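Which chain is which? The protein sequence lines are A and B, in order. Counted the way this note's numbering counts, the first sequence spans residues 101 to 342. Counted the way this note's numbering counts, the second sequence spans residues 101 to 342. Virtual Cβ for every residue (Gly too), placed ideally from N, Cα, C. Owing to the predicted nature of the structure, the values given are computational and were not obtained by experimental measurement. Taking it in order: structure first as structure tokens, then the write-up.
Number of protein chains: 2
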Amino acid sequence: MPNAFAFGELIMAKFYGIGTGPGDPSLVTIKAVETLKKIDILVTPEAKEGGKSLALSIVQDYIPENVEIVQRHFPMNFNDAEKEVAWQNIAEEIIKIVKSGKNVGFVTLGDPMIYSTYVYILERLQDEIEVETIPGISSFSNIASSQNRPLVMDREALVVLPCTADEAHIDFTLKHYNCIVLMKVYKNFKEIIDKLTAFGLAEHAVLVSNSSLNEETVYTDIRNVTKEQISYFSTILVNKTL
Amino acid sequence: MPNAFAFGELIMAKFYGIGTGPGDPSLVTIKAVETLKKIDILVTPEAKEGGKSLALSIVQDYIPENVEIVQRHFPMNFNDAEKEVAWQNIAEEIIKIVKSGKNVGFVTLGDPMIYSTYVYILERLQDEIEVETIPGISSFSNIASSQNRPLVMDREALVVLPCTADEAHIDFTLKHYNCIVLMKVYKNFKEIIDKLTAFGLAEHAVLVSNSSLNEETVYTDIRNVTKEQISYFSTILVNKTL
């Protein structure tokens, strides 16, 4: 019997978007674990067709046995048309299941509202079915704590910036702000390291690859790190006040 | 027997800084709950002498019975000298306890590395004893998820800014960035609302007071909200792209 039907009474089924945090299963919230107990079907994103979803592996031990797991391919390339079709198809599938009375969950890495493709599913569901999103620990938050390194204090601002932004935008932020998180550093890694060095920020930076995963590596001197040493899941924290 | 002594063998005791998230006890992480089971003594901050710590009330149900709770006064005023003395005294007390072989925990609202006075304790401990910090869900992350409202996507930057910053700094951020979290909005609340309205940002903003607490209130039209209606724990999300 689907979870949404309780005591023979029809309760509207729901869609739950669940943030898994950065990778360590103990970094999910109690609420995420409780939510996984409410669902009938879990949809998990796979970057590669037939590949294993990292988000799924994080919550694996919290998923009750009776939950059906449905893996769906999320293209992670720059072909917008292909991605739109994939998102639309998954959204339509989810709407159909929820309208049939079953609770659907969807797991997403880190925090669902910070640079997550989850949002592209969410915006296709919101007008059709009830949606509840459960926040997650972002990778930068975990890096700061595990390094005992304040992200931002007092009257300072914190800027979280993807290194896929325009170079002028990156330069502007590095110049005007003291506390900065650089996300998506993988693609233009060498350029970013060179830039931080040129701005005199190398000694105020720490780089963490695979935060909270078994393969976690911390680089306190970013100057000699090469792209080959790090993974796609790499983040740099800069704090000029430290 | 203190938790740090296992199987008759001396293991160095530790200090644990634990982020509790914004208020709902289910928004703490599994790791925070597991950490509370490792400690012998929990130090909790109180804003008012004799008052009740919100951070403590959040984790209350996860604290094993044998843990000793020590409430300590944290002055939340602008008297820097008074605060320095309070932090120094608490830090010295914690160092003494940890060196005696007992694990000490300290709970702090939201995320310990984002505008948290926890950092002033941390920096006084780091060279003396082993410190482990457990991240928490920040209020802005929870507001975004509970409102199904993306904080930041794609190539945009996210700026988290306290409204205690210089006015020029606030204006600069509102002008140059699309995705903004305004923290500490309480003190100059009217000025902030007037400024957002003048910048044409009122319709791109949402205000949440007491996020995830029983008294949570959401204001989707910020223009008519007065300071009397909101609590000290209020945050405004701005996203020009929505």
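Asked, Found
"Residue-chain proximity (A/N242, chain B), Cβ-Cβ < 9 Å", "yes"
"Span separating the alpha-carbon of B/I118 from that of B/L142", "10 Å"
"Span separating the alpha-carbon of B/T273 from that of B/D266", "11 Å"
"Buried/exposed call for A/F107, threshold 16 Cβ in 10 Å", "Reliability fails at A/F107, whose pLDDT of 49 lies under 50, so the model's placement of it is uncertain and no value is given."
"Limits of the unbroken alpha helix (DSSP H) element including B/Q188", "180-199"
"For B/Q160, three-class secondary structure by DSSP", "helix"
"Complete runs of the alpha helix (DSSP H) confined to the stretch 299-331 of chain B [at least 4 residues]", "none"
"Neighbour flag for B/N248 against chain A, beta carbons, 9 Å", "yes"
"Minimum length 4: unbroken alpha helix (DSSP H) runs contained in the stretch 231-304 of chain A", "239-246, 267-276, 289-298"
"Straight-line Cα distance separating A/V219 from B/A132", "28 Å"
"Short Cβ contact (9 Å threshold) for A/V338 with A/Q247", "no"
"Whole-Å CB distance - A/I130 paired with B/S126, under 8 Å assumed", "5 Å"
"Counterpart residues of B/Q171 in DSSP-defined beta bridges", "B/T144"
"Nearest-angstrom Cβ-Cβ length linking B/P122 and B/S311, presumed shorter than 8 Å", "5 Å"
"Beta strand (DSSP E) segment containing B/V338, residue limits", "334-339"
"Residues from the stretch 161-192 of chain A in contact with chain B, defined by Cβ distance under 7 Å", "none"
"Whether B/V128 touches B/Y162 by CB criterion (9 Å)", "yes"
"Proximity test, Cβ basis, 9 Å: B/L251 and chain A", "yes"
"Separation of A/E193 from B/T326, as counted between CA atoms", "44 Å"
"Closer than 9 Å to chain A by CB, B/F206", "no"
"Whole-number beta carbon distance between B/P235 and A/S245, since they are thought to touch under 8 Å", "4 Å"
"A/Y116: first and last residue of the uninterrupted beta strand (DSSP E) it sits in", "115-119"
"Beta carbon proximity, B/G117 to chain A, threshold 9 Å", "yes"
"Below-9 Å beta-carbon distance, A/R255 vs any chain B residue", "yes"
"Reference A/N189; option with closest CA among A/A155, A/T297, A/I221", "A/I221"
"Member of A/E328, A/V308, A/I280 whose CA lies at the smallest distance from the CA of A/K290", "A/E328"
"C-alpha distance - A/D211 paired with A/E232, whole-angstrom precision", "14 Å"
"is_contact[B/D124, chain A] using C-beta, thresh 9 Å", "yes"
"Own chain partners of B/I330 with C-beta closer than 6 Å, once the 5 adjacent residues on each side are dropped", "S309"
"Top-ranked residue by Cα proximity to B/E260, from A/T264, A/D271, A/Y277, A/I270", "The displayed chain sequence assigns Val, not Glu, to residue 260 of chain B. Comparing Cα-Cα distances from B/V260 to each of A/T264, A/D271, A/Y277, A/I270, the minimum goes to A/Y277."
"Cβ contact (3+ pairs, closer than 8 Å) linking the stretch 298-305 of chain B and the stretch 249-259 of chain B", "no"
"Reduced DSSP secondary structure (H/G/I, E/B, other) of A/F107", "Confidence at A/F107 is low in this model, with a pLDDT of 49, below 50, so its placement is unreliable and no value can be given for it."
"Check whether B/T264 and A/R255 have beta carbons under 9 Å apart", "yes"
"Own chain, CB closer than 6 Å to A/I336, minus 5 neighbours either side, in chain order", "L282, V285, A305, L307"
"Beta-carbon spacing of A/V207, A/T144 below 9 Å", "yes"
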